[in-house]
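**Student:** What follows is a structure written as structure tokens; I'll ask about it next.
Residue numbers (this note's numbering): 1 to 383.
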């Protein structure tokens, strides 16, 4: 401290006998120490790989020479994605920095339309992560819908949730069993009296929530908050930010929202890199089918249909879907499926139901049905 009362900016080692400052002086939270190193590495790589630093002749060479680009990119692991989507800040920031480097590598290879977070958003996300402190609020919330429960499980501590939809407990491949056990109540009418005794600050409901349950909550004096149904990937991000504001977890909500955008960009970029390597290859005739009572293909207005379009997949049932009056799901008969003659068949079914007429030609690829239908951050796994 100087004579005029202002803080001194003198370096710690400039005073004789002064002891060196310890890490708590530099880092505002436990996350900061882990996040600063990957941040510095990312910035170094970004500066190193800026296209302006690559000689023009090298740029021309990279755009005409076919090389295997994907091994140069960061690994993409489903388990690590789930870890990040569950709210692990360290994993989220590591991925975001890795994907920023990936984008620069692909741009320098001459690949067009590579997507990444805007610089301002990228830096803001890193800064928020460095300053993030442990969530200590004692406020408690009731989640009546799957999306609100999934998002708040990632943003808050389990002690901040009084109840969750019972169906969530069936998906231990997505949610941590230990965390779910820490929330003993299910959000159903039979537990309304027990839920009332916990005095939740807000009950998050959906437009499809049981009307009698909502009336009971309102009669008990528990404020309700409607979470809109998302109709796009961006809507999911908006819902995350909205819940963060309602529960005073804005910083973590912004980081999770940015993570989703960065992950989506990275997956789209990888497919762009594959197409760049073999530009003359014909598009694979792909048929994506979901099963709910009957088999159907997703319309382009549905979340899954939008994801298929973004990834540049040629969904051969699109002509049928365009002729249909439905905006969400297009039922297909077995005859229609055979006439489409797909090269690639992707099936999404809770029971892993097979299609007898497609046993090996083409061999079906089964995907996680829960992720395809999810309306929270876990929809990213559908990509």
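Think of the CB as a built atom: it goes at the ideal place given N, C-alpha and C, for glycine as much as any other residue. Just so we're clear, the structure is a prediction, and the values are computed from it rather than from any experiment.
#1: Tell me the rounded alpha-carbon separation between residue 270 and residue 188.
#2: Would you say the segment 220-233 touches the segment 158-172, given that touching needs at least three Cβ pairs under 8 Å?
#3: Rank 342, 131 and 99 by C-alpha distance to the C-alpha of residue 250 and give the top, closest one.
#4: Between the alpha carbons of residue 103 and residue 96, how many angstroms are there, rounded?
#5: Return yes when the Cβ of residue 252 is within less than 7 Å of the Cβ of residue 380, no when it is not.
#6: According to DSSP, is residue 152 helix, strand or coil?
#7: Which same chain residues, not among the five before or five after residue 74, have their C-beta less than 6 Å away from its C-beta?
#8: Are the beta-carbon atoms of residue 224 and residue 240 separated by less than 7 Å?
#9: According to DSSP, is residue 280 part of a helix, a strand, or is it coil?
#10: Under a Cβ-count criterion, where at least 16 other Cβ atoms within 10 Å of its own Cβ denotes burial, should residue 296 be classed as buried or exposed?
#11: Considering Cα atoms alone, identify which of 157, 180 and 176 is closest to residue 165.
#12: Under the rule that 16 or more other beta-carbon atoms within 10 Å means buried, what is residue 243, buried or exposed?
#13: What is the DSSP secondary structure of residue 291, counted as helix, strand or coil?
#14: Pull up the distance between the alpha-carbon of residue 218 and that of residue 190, whole angstroms please.
#15: For the beta strand (DSSP E) holding residue 415, just list the boundary residues, first then last.
#16: Can you tell me which residues form a DSSP beta bridge with residue 141?
#17: Where do the N-terminal and C-terminal ends of the alpha helix (DSSP H) with residue 95 fall, by residue?
#18: For residue 257 and residue 87, I'd like the C-alpha separation in whole angstroms.
#19: Does residue 363 come out as helix, strand or coil in the three-state DSSP assignment?
#20: Counting beta carbon pairs with one atom in the segment 299-315 and one in the segment 123-140, are three or more of them shorter than 8 Å?
#21: Evaluate contact between the segment 191-205 and the segment 135-153, counting only Cβ atoms and requiring at least three cross-stretch pairs below 8 Å.
#22: Would you grab the beta carbon distance between residue 285 and residue 331 for me? Rounded to a whole angstrom, and I think it's under 8 Å.
#23: In the DSSP assignment, find the alpha helix (DSSP H) that holds residue 217 and state where it starts and stops.
#24: Short of 6 Å in beta carbon distance, which residues of its chain neighbour residue 125, apart from the five on each side in sequence? Order them along the chain.
#25: Would residue 118 be called buried (16 or more neighbouring beta carbons within 10 Å of its own) or exposed?
#26: So residue 375 and residue 147 are in contact, right, with Cβ under 8 Å, and what is the actual spacing, rounded?
#27: May I have the straight-line CA-CA distance separating residue 72 from residue 267, to the nearest angstrom?
#28: How many angstroms separate the CA atom of residue 58 from the CA atom of residue 68?
#29: Starting from the C-beta of residue 367, find all residues in its chain whose C-beta is less than 8 Å away, skip the five residues before and the five after it, and write them out in chain order.
#30: State the start and end residues of the unbroken beta strand (DSSP E) segment that holds residue 224.
#31: With DSSP run on the structure shown, which of helix, strand or coil describes residue 254?
#32: By the DSSP assignment, the beta strand (DSSP E) with residue 348 in it spans what residues?
**Tutor:** In terms of the structure at hand:
#1: Residue mapping note: residue 270 aligns to position 270 of the chain shown, counting from 1. Residue mapping note: residue 188 aligns to position 188 of the chain shown, counting from 1. Taken atom to atom, the span from the alpha-carbon of residue 270 to that of residue 188 is near 43 Å.
#2: Taking 8 Å as the limit for Cβ pairs, the verdict is that the segment 158-172 does not touch the segment 220-233.
#3: Within the chain shown, numbered from 1, the residue matching residue 250 stands at position 250. Considering only alpha carbons, the answer is 131.
#4: As a position in the chain shown, residue 103 is number 103, starting the count at 1. As a position in the chain shown, residue 96 is number 96, starting the count at 1. Spanning the two alpha carbons is a distance of roughly 11 Å.
#5: Counted from its first residue, the chain shown places residue 380 at position 380. Counted from its first residue, the chain shown places residue 252 at position 252. Judged by their CB atoms, residue 380 and residue 252 are not nearer to each other than the 7 Å cut-off.
#6: Start at 1 with the first residue of the chain shown, and residue 152 comes out as number 152. Helix at residue 152.
#7: Stepping through the chain shown from its first residue, residue 74 is reached at position 74. Take residue 74, set aside five residues on each side of it, and the residues of its chain with a beta-carbon closer than 6 Å to its own are 98 and 102, in chain order.
#8: Translated into the one-based positions of the chain shown, residue 224 becomes position 224. Translated into the one-based positions of the chain shown, residue 240 becomes position 240. Residue 224 places its beta carbon 7 Å or farther from that of residue 240.
#9: One-based indexing of the chain shown puts residue 280 at position 280. Annotated three-state conformation of residue 280 is coil, per DSSP.
#10: Taking the chain shown and counting its residues from 1, one reaches residue 296 at position 296. By the 10 Å Cβ count, residue 296 comes out buried.
#11: Looking up residue 165 in the chain shown gives position 165. Nearest of 157, 180 and 176 to residue 165, Cα basis: 180.
#12: Walking along the chain shown from the start, residue 243 turns up at place 243. Answer is buried; the Cβ neighbour count reaches 16.
#13: Counting from one through the chain shown, the residue named residue 291 turns up at place 291. Of the three classes helix, strand and coil, the one that applies to residue 291 here is strand, per DSSP.
#14: As a first step, residue 218 is located in the chain shown; it is residue number 218 there, counting from the start. As a first step, residue 190 is located in the chain shown; it is residue number 190 there, counting from the start. When rounded, the separation of the alpha-carbon atoms in residue 218 and residue 190 is 16 Å.
#15: No answer is possible for residue 415: the residues shown for the chain start at 1 and end at 383.
#16: To locate residue 141, count along the chain shown from 1; it is residue 141. Partner(s): 161 and 202.
#17: The residue labelled residue 95 in the question sits at position 95 within the chain shown. Residues 89-108.
#18: To locate residue 257, count along the chain shown from 1; it is residue 257. To locate residue 87, count along the chain shown from 1; it is residue 87. Whole-angstrom Cα-Cα distance: 11 Å.
#19: The residue given as residue 363 occupies position 363 in the chain shown. Three-state result, residue 363: coil.
#20: Counting Cβ pairs under 8 Å, fewer than three are found: no touch.
#21: A contact exists between the segment 191-205 and the segment 135-153.
#22: Reading the chain shown from its first residue, position 285 is the one you call residue 285. Reading the chain shown from its first residue, position 331 is the one you call residue 331. Contact doesn't hold; Cβ gap of about 20 Å is too wide.
#23: The residue you call residue 217 lines up with position 217 of the chain shown. DSSP places residue 217 in the uninterrupted alpha helix (DSSP H) bounded by 211-219.
#24: In the chain shown, residue 125 corresponds to position 125, counting from 1. Excluding the 5 residues flanking it on each side, residue 125 has same chain C-beta neighbours closer than 6 Å at 255 and 258, in chain order.
#25: For the purposes of this step, residue 118 is identified with residue 118 of the chain shown, where counting begins at 1. Exposed is the call here.
#26: Here the question's residue 375 lines up with position 375 in the chain shown. Here the question's residue 147 lines up with position 147 in the chain shown. With 8 Å as the limit, residue 375 and residue 147 qualify as a contact, their Cβ atoms being about 4 Å apart.
#27: Numbered from its first residue, the chain shown carries residue 72 at position 72. Numbered from its first residue, the chain shown carries residue 267 at position 267. One C-alpha to the other measures close to 15 Å.
#28: By one-based count along the chain shown, residue 58 stands at place 58. By one-based count along the chain shown, residue 68 stands at place 68. Any reading at residue 58 is ruled out, since the residue's pLDDT is 40, under 50, leaving its predicted position unreliable.
#29: Indexing the chain shown from 1 puts residue 367 at position 367. The answer, listed in chain order, is 346, 347, 348 and 382.
#30: Walking along the chain shown from the start, residue 224 turns up at place 224. Per DSSP, residue 224 is one residue of the beta strand (DSSP E) stretching across 224-226.
#31: Translated into positions along the chain shown, residue 254 becomes position 254. Collapsing the DSSP output to three states places residue 254 in a helix.
#32: Residue 348 sits at position 348 when you count from the first residue of the chain shown. Looking at the DSSP string, the run of the beta strand (DSSP E) that includes residue 348 is 344-348.
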